[in-house]
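In terms of our numbering, the sequence shown opens at residue 10 and continues consecutively. Taking it in order: structure first as structure tokens, then the write-up.
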Amino acid sequence: MEAFIDDHSDTIKQYIPFMGRFLIIVTFLEDAFTIVTEWSNQLLLLTHYQNIYYGAANLILFTNVVMMVSCSSLVLARKHTDYAAGGLIFVVITQALCYGMISDFSYFLRNLSVLGGLLIVLCESWARKKPAMPGLPGIEEKDHKMYVQLAGRVLMVLIFLAFFSSLELNLLSVIISILGFGVCVMVAVGYKATMSGIALVSMLSVLNFLINDFWNLNQSHPRKAFARYDFLQTLSIAGGLILLVNNGPGAYSIDEKAKKL
Numbered sequence: 010m011e012a013f014i015d016d017h018s019d020t021i022k023q024y025i026p027f028m029g030r031f032l033i034i035v036t037f038l039e040d041a042f043t044i045v046t047e048w049s050n051q052l053l054l055l056t057h058y059q060n061i062y063y064g065a066a067n068l069i070l071f072t073n074v075v076m077m078v079s080c081s082s083l084v085l086a087r088k089h090t091d092y093a094a095g096g097l098i099f100v101v102i103t104q105a106l107c108y109g110m111i112s113d114f115s116y117f118l119r120n121l122s123v124l125g126g127l128l129i130v131l132c133e134s135w136a137r138k139k140p141a142m143p144g145l146p147g148i149e150e151k152d153h154k155m156y157v158q159l160a161g162r163v164l165m166v167l168i169f170l171a172f173f174s175s176l177e178l179n180l181l182s183v184i185i186s187i188l189g190f191g192v193c194v195m196v197a198v199g200y201k202a203t204m205s206g207i208a209l210v211s212m213l214s215v216l217n218f219l220i221n222d223f224w225n226l227n228q229s230h231p232r233k234a235f236a237r238y239d240f241l242q243t244l245s246i247a248g249g250l251i252l253l254v255n256n257g258p259g260a261y262s263i264d265e266k267a268k269k270l
């Protein structure tokens with residue numbers, strides 16, 4: 010698999026970064042659209058159920074929409090990506106706090122995985138920046154990138170804990186869980202990063218289509234909105250994994266250590 014990718018890298022790599030960035034921002038654009046089209050319902054949720062003042066609730070919704078649309082556009086255009094990724098990280102954290110969903114275990118893991126994908130976007134932005142003096146890369150920035158990449162890899166694989174917890178207990182789910190756990194460990198430690206990253210994206214995509222099939226649910230089904238949200242959020246995490254495959258695991262990984270031996 011890795012040899013195939015190396016042989017066709019010039020053809021594949023020109024599309025991978027855009028695909029990864031697009032998938033990452035999909036959930037934010039859909040969320041912004043939902044807030045705008047269901048403003049009154051969102052306002053009711055914040056004021057009535059979360060006890061947030063009416064004026065503050067409107068400000069929170071407006072700020073979230075503006076930041077999600079503007080930051081997503083900047084990420085896709087590769088403009089001021091570090092600030093844009095930071096803005097989307099801020100949105101993820103504030104939404105978790107304002108909507109009171111942080112106590113939901115599955116929601117919590119999914120959001121941590123989305124944060125991991127955004128950290129990979131941040132690292133990609135740093136990698137494109139030229140050092141202040143040619144030939145003299147900033148040691149401090151390199152160290153920051155190394156640890157942020159490690160954190161991004163570890164956070165992104167947490168989504169599989171959410172998927173595994175939702176599977177029915179049978180022989181097939183046990184096999185999937187064991188295989189998935191092994192691949193997650195490989196991604197987290199940066200071992201065979203290209204192969205394990207592709208395997209994880211493939212497994213994540215299959216599970217996403219099987220579990221979060223919101224298109225098969227009735228419009229009045231209580232789970233439809235949640236399934237759509239989970240589906241798009243999982244696509245965002247897949248986008249982060251695609252960027253990981255494209256950019257490599259970073260210096261703090263088994264693959265990079267092996268190159269120095």
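We put the beta carbon where it would ideally sit given N, CA and C, even for glycine. If you're wondering where the values come from, they're calculated on a predicted model, not measured in any experiment.
Residue i by DSSP, collapsed to three states: which one?
i, result
"Pro26", "helix"
"Tyr261", "coil"
"Glu133", "helix"
"Tyr116", "helix"
"Asp40", "helix"
"Arg232", "coil"
"Ile111", "coil"
"Tyr200", "coil"
"Asn227", "coil"
"Asp2", "There is simply no residue 2 to check, as the chain begins at 10 and stops at 270 in what is shown."
"Leu178", "coil"
"Val166", "coil"
"Gly147", "Low per-residue confidence applies at Gly147: pLDDT is 48, beneath 50, and the placement is therefore not dependable enough to give any value."
"Asn221", "coil"
"Met142", "In this prediction, Met142 scores a pLDDT of 49, lower than 50, which makes its location untrustworthy; the coordinate-derived value is nonetheless stated afterwards. It is a strand residue."
Give the C-beta separation of residue i and residue j to the nearest angstrom, bearing in mind that I take them to be a contact with Cβ-Cβ under 8 angstroms.
i, j, result
"Ser245", "Leu83", "Not a contact, Cβ separation roughly 16 angstroms."
"Ala247", "Leu213", "5 angstroms"
"Ile44", "Val78", "The pair is not a contact, with the Cβ atoms about 10 angstroms apart (cut-off 8 angstroms)."
"Phe169", "Gly191", "Not confirmed; about 11 angstroms, so no contact."
"Arg119", "Gln242", "5 angstroms"
"Leu96", "Cys80", "Note on identity: in this sequence residue 96 is Gly, with Leu being the wrong assignment. Going by Cβ atoms, the distance from Gly96 to Cys80 rounds to 4 angstroms, so yes, they are a contact pair."
"Met76", "Val101", "Not confirmed; about 11 angstroms, so no contact."
"Gly249", "Met165", "5 angstroms"
"Lys233", "Phe218", "Not quite, the Cβ-Cβ distance comes to about 16 angstroms (not below 8 angstroms), so this is no contact."
Given a cut-off of 8 angstroms, decide if residue j and residue i are closer than it, judged by their beta-carbon atoms.
i, j, result
"Val130", "Ile207", "no"
"Ser115", "Leu167", "no"
"Leu176", "Val196", "no"
"Phe172", "Ile220", "yes"
"Ile98", "Leu70", "no"
"Ser134", "Thr90", "yes"
"Gly259", "Gly199", "yes"
"Ala66", "Leu52", "yes"
"Gln158", "Cys193", "no"
"Gly29", "Leu216", "no"
"Asp113", "Lys201", "no"
"Tyr108", "Gln59", "yes"
"Leu106", "Ile34", "no"
"Asn256", "Ala136", "yes"
Would you say the beta carbon of residue i comes nearer than 7 angstroms to a heavy atom of the ligand MN?
i, result
"Leu170", "Judged by which ligands are present, the structure shown has none, so any question about the ligand MN falls away."
List, from N- to C-terminal side, the alpha helix (DSSP H) runs of 4 residues or more that fit wholly inside the segment 29-108. 48-53, 63-86 and 90-107
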